[in-house]
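Asks: My questions will all concern the structure given below.
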Amino acid sequence: MAALAAVFDSLDDIRTGLRLRVPDHKHTTMPAHLVERPTDDQIDAAVAVCTRAYAGDDALRTFVGGDAHLEDIFFRSMLRGAALEGYFYIADLNDGTSKSEVSSVGIVFPPGVSCWGSEAQRKLGYNEFWASLSPEAKVWWGKFQDDMGKRLNSIFGPKLKNQWVVSLIGTDPVHQNNGLGTSIIKAMCDRAGKTTVALSTQTEENEIWYESLGFKRIDERQITSPYGDWPSIILAKEDRNVRGHMRYTAQTTEFVFRTAQDTVSSPFIAYIAMPARLVRAPTDAQIDAAVNVCIRAFAGGESDSCLNLSAATDQTPEGAVRSFVGGDRGLEDIHFRSMLRAAALEGAFYIANDGADSSEVSSVGVVFPPGVSCWGSEAQRELGYND
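Residues in the sequence shown are numbered from 1 upward in steps of one, following full-length UniProt numbering.
Right under this line is the structure:
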């Protein structure tokens with residue numbers, strides 16, 4: 001799905017507020033790549049991605065005044081503005097090794113800078129876009145800016161100018177649900193550090209997705225226009241909500257990662273060893289590292305690791321593992337390895353590390369969705385359990 005966040009950084013220059021549609025349940029380790037000087041080809045590719053990602057979107061239709069021909073210059077002006085005074089990220093399915101391909105794109109502006117907030121930015125396409133809008137669309141924009149300014153002032157007050165604002169995220173429909181949007185959001189949050197990051201979305205599904213990344217809902221209003229009505233949900237997060245907190249909510253499951261000392265709760269958890277980021281296709285090296293983490297994490301009864309296995313005869317993590325391997329420490333490797341490989345096949349495989357290197361594994365966890373259990377299929381059992 002596509003993702004387009006509202007850009008509301010300045011009360012004096014609130015220009016746009018598009019919808020972020022990234023209920024991207026498959027988080028991966030694919031890195032987003034910061035492009036400091038995007039080429040014309042990259043801009044063209046990013047515009048094409050956004051146009052495909054937001055085809056039929058009511059918010060986009062509203063912002064261009066019902067004129068689809070203006071979508072190109074609308075997106076182009078935002079992207080070029082970010083390349084000038086903000087941060088321009090792309091991601092692709094090649095783990096960031098290709099800087100020319102664009103499967104997903106996102107832009108974010110630092111505190112004190114807004115999308116289209118300077119004349120230098122507006123000369124990069126916004127002025128042309130505004131001149132092309134119908135009189136009716138310009139009237140709507142004027143009221144929208146005034147209402148949004150009052151709304152944001154009441155919500156954030158003076159803090160508004162001290163936060164990062166995600167202005168746009170779009171993922172090509174053919175590459176959605178691969179974690180590309182997630183990698184971009186994570187890169188933006190890492191750059192913001194402890195500073196608040198704000199954005200807006202227009203669906204509850206998107207809201208849930210953002211909450212899974214540590215954002216908190218701040219406010220919701222219904223936006224009306226001649227081209228369609230849509231809700232505007234504002235979310236924000238601080239550093240402590242992003243790096244140490246990932247929340248995944250499904251129909252009957254709540255999966256919360258905070259810190260190694262916090263409670264981790266879910267009826268589908270097998271092993272947890274700290275906070276986590278989902279890896280869609282773990283490498284052999286990551287599996288090896290994860291196995292070693294688990295062996296060390298469950299080596300002693302004082303471990304902070306959490307284990308939720310009802311068959312354990314010893315209630316300490318170390319005692320539970322000893323029970324499952326029949327007291328044979330030599331089986332711990334294949335025990336953990338089979339669980340991790342099974343989760344990579346039919347569940348979810350999370351890792352976390354203490355640094356920026358996504359190849360390192362400081363913590364690992366696996367979780368299975370409703371209707372799927374660890375070692376519950378022969379395909380899983382062939383990955384080590386039978387051994």
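Glycine included, every Cβ here is placed at the ideal spot set by N, Cα and C.
Given 8 angstroms as the limit, is there contact between the segment 66-73 and the segment 184-202, that is, 3 or more CB pairs closer than that?
Replies: At 8 angstroms Cβ cutoff, the stretches do not touch.
Asks: So S104 and T201 are in contact, right, with Cβ under 8 angstroms, and what is the actual spacing, rounded?
Replies: Wrong, their Cβ atoms sit about 16 angstroms apart, outside the cutoff.
Asks: What residue does the beta strand (DSSP E) around L199 start on, and which one ends it?
Replies: Counting along the chain, the beta strand (DSSP E) containing L199 begins and ends at V197 to T201.
Asks: Between V197, V47, Q145 and L180, which has its C-alpha nearest P31's C-alpha?
Replies: When each option's Cα is compared against that of P31, the closest is L180.
Asks: Whole angstroms is fine: what's the gap from P158's alpha carbon to R217's?
Replies: Those two C-alpha atoms are separated by around 19 angstroms.
Asks: Nearest to residue 421 by alpha carbon, out of A131, G117, V372 and D57?
Replies: Beyond the ends of the chain as shown, which are 1 and 387, falls residue 421; an answer cannot be given.
Asks: Can you tell me whether A68 is helix, strand or coil according to DSSP?
Replies: In this structure, A68 counts as helix in the three-state DSSP scheme.
Asks: With a floor of 4 residues, list each alpha helix (DSSP H) that falls wholly inside the segment 96-133, ordered by position along the chain.
Replies: Correct list: 127-132.
Asks: Can you tell me where the beta strand (DSSP E) with P231 in it begins and where it stops?
Replies: Segment W230 to K237, the beta strand (DSSP E) holding P231.
Asks: Closest to I287 by C-alpha separation, out of E360, A236 and G228, would be which residue?
Replies: When only C-alpha atoms are compared, the closest one is E360.
Asks: Tell me which same chain residues have a C-beta within less than 8 angstroms of the C-beta of D229, skipping the five on either side of it?
Replies: D58, Q222 and I223, listed in sequence order.
Asks: Rounded to a whole number of angstroms, what is the C-alpha to C-alpha distance between E382 and I107?
Replies: Straight-line Cα distance between these residues: approximately 44 angstroms.
Asks: Please look up how many angstroms separate the CB atoms of L331 and Q380, rounded, as I've assumed it's under 8 angstroms.
Replies: Contact doesn't hold; Cβ gap of about 17 angstroms is too wide.
Asks: Please report the distance separating the alpha-carbon of V366 from that of A289.
Replies: For V366 and A289, the distance between alpha carbons rounds to 14 angstroms.
Asks: Tell me whether the beta-carbon of W164 lies closer than 9 angstroms to the beta-carbon of A192.
Replies: Taking 9 angstroms as the Cβ cut-off, W164 and A192 qualify as a contacting pair.
Asks: Just verifying my parser: in three-state terms, what is the DSSP assignment at K194?
Replies: The answer is coil: DSSP assigns K194 none of H, G, I, E or B.
Asks: When the distance is taken between beta carbons, is G81 closer than 9 angstroms to L133?
Replies: Not a contact, by the Cβ cut-off of 9 angstroms.
Asks: Could you say which of R280, V279 and A91 lies nearest to I169 if we only look at CA atoms?
Replies: Of the candidates R280, V279 and A91, the one whose C-alpha sits nearest the C-alpha of I169 is A91.
Asks: What are the start and end residues of the beta strand (DSSP E) that includes F88?
Replies: Taken as a continuous stretch (DSSP letters only), the beta strand (DSSP E) holding F88 covers Y87 to A91.
Asks: Let me check you understand the geometry: is the CB of L60 closer than 8 angstroms to at least one non-hydrogen atom of the ligand MG?
Replies: In the structure shown, the ligand MG is absent, as is every other ligand, since no ligand is present at all.
Asks: Roughly how many angstroms separate the alpha carbons of S232 and H335, rounded to a whole number?
Replies: S232 and H335: Cα-Cα distance of roughly 48 angstroms.
Asks: Starting from V291, trace the alpha helix (DSSP H) in both directions and tell me its first and last residue.
Replies: D284 to A297 is the extent of the alpha helix (DSSP H) around V291.
Asks: Quick check on this structure: which residue in W141, A297 and A281 has the alpha carbon closest to the alpha carbon of S362?
Replies: Of the listed residues, the one whose Cα sits closest to S362 is A297.
Asks: So W375 is in the alpha helix (DSSP H); what residue range does that whole segment cover?
Replies: Looking at the DSSP string, W375 is not in any alpha helix (DSSP H), and its letter there is neither H nor E.
Asks: So the candidates are A48, Y89 and S154; which of them puts its Cα closest to the Cα of F74?
Replies: Cα-wise, what sits closest to F74 is A48.
Asks: As a quick exercise: from G384, T182 and I155, pick the residue whose alpha carbon is nearest that of W209.
Replies: When each option's Cα is compared against that of W209, the closest is T182.
Asks: Apart from the five residues just before and just after A250, which ones in its own chain have a Cβ nearer than 8 angstroms to its Cβ?
Replies: With a pLDDT of 33 at A250, under the threshold of 50, the modelled position of that residue is not reliable, and the figure given next carries that caveat. So the qualifying residues of the chain are P369 and P370.
Asks: Within a Cβ cutoff of 7 angstroms, which residues of the same chain sit near I43, ignoring the five residues on either side of it in sequence?
Replies: The answer, listed in chain order, is R76, L79 and R80.
Asks: Among the candidates A131, I155, D41 and F88, whose CA atom is the shortest distance from the CA of C115?
Replies: Answer by Cα proximity: F88.
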